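Okay, so here's the structure we're looking at.
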Amino acid sequence: MKKILLVEGMSCGHCEMAVKKAITSIDGISEVIVDLKSGKVTVIGENINDDNLKEAVDDAGYSVVTIE
Ligand SMILES: [Cu+2]
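Read in this note's numbering, the sequence shown has 89 at position 1, and its numbers run on one by one without any break.
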């Protein structure tokens, strides 16, 4: 399955890597693609839980605006 997140607060390559690392650490996630400019994060994996995604991004210091 695939989810598209809109993440607020990313401003540089460090932010991009932090979000990518946080989401990749969740069980079942196989791929995370971050578009820094738009804040769009594409997540690919199995049994992806929206709350887990929000929590991981929050813990990294950023916030999820929408998940679709
Ligand atoms: Cu940054």
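Built from N, CA and C at the ideal position, the CB exists for glycine as well.
Predicted, not measured: the structure shown is a model, and the values here were computed from it.
When we look at the beta-carbon of residue i and count the other beta-carbons within 10 Å, is it buried (16 or more) or exposed?
i, result
"residue 129", "buried"
"residue 89", "exposed"
"residue 127", "buried"
For my contact list, residue i and residue j are in at a C-beta cut-off of 8 Å; report their separation, rounded to the angstrom.
i, j, result
"residue 152", "residue 110", "Between residue 110 and residue 152 the Cβ distance is about 11 Å, and since that is not below 8 Å, they are no contact."
"residue 132", "residue 119", "4 Å"
"residue 97", "residue 150", "4 Å"
Beta strand (DSSP E) runs contained entirely in the stretch 104-128, provided each spans 3 or more residues: 117-123
Check your reading: residues with Cβ closer than 6 Å to ligand 1 heavy atoms: 99, 100, 102 and 103
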